[in-house]
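In UniProt numbering, the protein residues as written are 1 to 445.
This is the structure:
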């Protein structure tokens, strides 16, 4: 081999060859001192019919790669091609824009978006958002409509119409899932619905103001008091009553599946003392004498009934009212009715807070029944948006409309303080007030 022949015309294509093209038509050959050379069939040299590359031993053993190019340049000087006409030889440019990456070694960025989208389709929404940060291919594939359509409830259009009153046009499936995974209020703010980002299950709750409570208008017995622990900022509190009865109904397009209905109750009156959240249990009485009856029925004839004593004072608890099943063939709304009664008039009852009635998929983990987690558990967003979702504004911080547990913040891995002293001070006040877990700052630090 000699290096006296002029350079080949096809060498101008060196600048536009990418790793994927080399993988399709290239191989490694060792020449002389063992340095690697990229060799491939060159379709731009139709001098002869292309032939397969020769074996490594076809090159002289004494040939040094340094003889094939000028060390002061990064391109190749002309030389006789040991592979024959129709082939080109380039040395890998170590100072290229690819850095130390071998162009012949494929990476995740070389995968077509269509293939990446098929992979993402088998992941849950949280994993899809995390993988979308890997590279451009994964980011583009994470917006594919068919990826997110498989995560949406089958009747998501009916759900959107129920919440918004109409179905919005020109929305991508990921935007729809992001909207549904947030807690959305409807029915004059008395109901909230969201799709859980972990399981894709639909969750719904209705406030105490959306329930029919016997005697609620008589301030001698009932009152609405503000509470930071409430899903709706206030709870219904009964001071003392003989006849206790709470009824409600929900008409909503639930997807097919099995659902559980819970009453969220607390024995004790919430309040604050010297800035600290406290629960006054002195007025709690009458709930350990006779059990409370919970009932559930659906329009298609399903019935459920249970009863239990209310004994756990000072903490919010979920009391199971029953389960119901929505068939796959149902395409319209499902209407359910539920009630909670204690109508034994031989004794009085009092000191009970009624916050809401919640509907979860029966497979929904019990640890997510906590209002802080299920409120924020539905959020799915980019890291840049996470801080604004957990803390939408300083006003929300002051009012305590939002709170987050340390476990949830740890999972999101994206919440940071804005950096000013006032915001930090507001969060510190919330810690003292009990509106944030004490492990919150430890997670962020």
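Even for Gly, the Cβ is constructed at its ideal location relative to N, Cα and C.
Rounded C-alpha distance that separates residue 138 from residue 213: Here the C-alpha atom of residue 138 lies approximately 52 Å from the C-alpha atom of residue 213.
Within 10 Å of its beta-carbon, does residue 340 have 16 or more other beta-carbons around it, so buried, or fewer, so exposed? Buried, since its Cβ has 16 or more Cβ neighbours within 10 Å.
Count the other C-beta atoms from every protein chain shown that fall within 10 angstroms of the C-beta of residue 157, then say buried if there are 16 or more, exposed otherwise. Label assigned to residue 157: exposed.
Same chain, Cβ closer than 6 Å to residue 344, neighbours up to 5 away in sequence not counted: For residue 344, where only same-chain residues beyond five positions count, the Cβ hits under 6 Å are 290.
Does DSSP classify residue 311 as helix, strand or coil? Here residue 311 sits in coil by DSSP.
Taking the continuous alpha helix (DSSP H) assigned at residue 130, which residues delimit it? Membership of residue 130 in the alpha helix (DSSP H) is indicated by the continuous run 125-131.
Candidates 195, 113, 337: closest to residue 294 by CA position: With distances taken between Cα atoms, residue 294 lies closest to 337.
Using only alpha-carbon positions, find the residue among 270, 307, 342 that is nearest to residue 241. Per the Cα distances, 342.
Which listed residue (362, 361, 355) has its alpha carbon closest to that of residue 190: Nearest option by C-alpha distance: 355.
Identify which residue in 144, 135, 224 has its Cα closest to the Cα of residue 121. Of the candidates 144, 135, 224, the one whose C-alpha sits nearest the C-alpha of residue 121 is 144.
Taking the straight line between their C-alpha atoms, what separation do you get for residue 278 and residue 271? Going by the C-alpha atoms only, they are around 5 Å apart.
For residue 248, three-class secondary structure by DSSP: Of the three classes helix, strand and coil, the one that applies to residue 248 here is strand, per DSSP.
Would the beta-carbon of residue 256 fall within 8 Å of that of residue 327? Between residue 256 and residue 327, the gap from beta carbon to beta carbon is short of 8 Å.
Determine the DSSP secondary structure at residue 352, reduced to helix, strand or coil. Three-state DSSP puts residue 352 in a strand.
Count the other C-beta atoms from every protein chain shown that fall within 10 angstroms of the C-beta of residue 116, then say buried if there are 16 or more, exposed otherwise. Burial state of residue 116 is buried, judged by a 10 Å Cβ sphere holding 16 or more other Cβ atoms.
Can you tell me whether residue 264 is buried or exposed? The criterion is at least 16 other CB atoms within 10 Å of its CB, across all chains shown. Buried, because 16 or more other Cβ atoms sit within 10 Å of the Cβ of residue 264.
Of the residues 227, 119, 348, the one placed nearest residue 243, counting alpha carbons only: Here the closest residue by C-alpha is 348.
Closest to residue 205 by C-alpha separation, out of 222, 166, 179, 260, would be which residue? The candidate whose alpha carbon is nearest that of residue 205 is 260.
To which residues does DSSP link residue 328 through a beta bridge? Residue 328 pairs with nothing; no bridge assigned.
Less than 8 Å between C-beta atoms, sequence neighbours within five positions excluded: which residues of the same chain meet that for residue 411? Confidence is the limiting factor: at residue 411 the pLDDT is only 36, short of 50, which leaves the residue's position unreliable, though a coordinate-based value still follows. Excluding positions up to five away in sequence, the list is empty.
Using CA coordinates, which residue listed in 239, 201, 321 is at the minimum distance from residue 151? For the residues 239, 201, 321, the minimum Cα distance to residue 151 belongs to 201.
Proximity of residue 333 and residue 322 at Cβ, strictly below 8 Å: Between residue 333 and residue 322, the C-beta spacing is not below 8 Å.
With a Cβ-Cβ cutoff of 8 Å, do residue 312 and residue 352 count as a contact? In this structure, residue 352 does not lie closer than 8 Å to residue 312 by Cβ.
DSSP state of residue 256 mapped onto helix, strand, coil: DSSP places residue 256 in coil when its eight states are reduced to three.
Which residues does DSSP pair with residue 342 in a beta bridge? Paired residues: 244.
According to DSSP, is residue 289 helix, strand or coil? The answer is coil: DSSP assigns residue 289 none of H, G, I, E or B.
Taking the CB atoms as reference points, tell me whether residue 159 and residue 253 lie closer together than 8 Å. Yes, these two residues count as a Cβ contact at 8 Å.
Which residues does DSSP pair with residue 237 in a beta bridge? For residue 237, the pairing in a beta bridge is given by DSSP as 223, 353.
Nearest residue (CA-CA) to residue 350, options 146, 153, 285, 175: If we check each option's Cα against that of residue 350, 285 comes out closest.
Residue range of the unbroken alpha helix (DSSP H) whose run includes residue 177: First-last of the alpha helix (DSSP H) with residue 177: 173-180.
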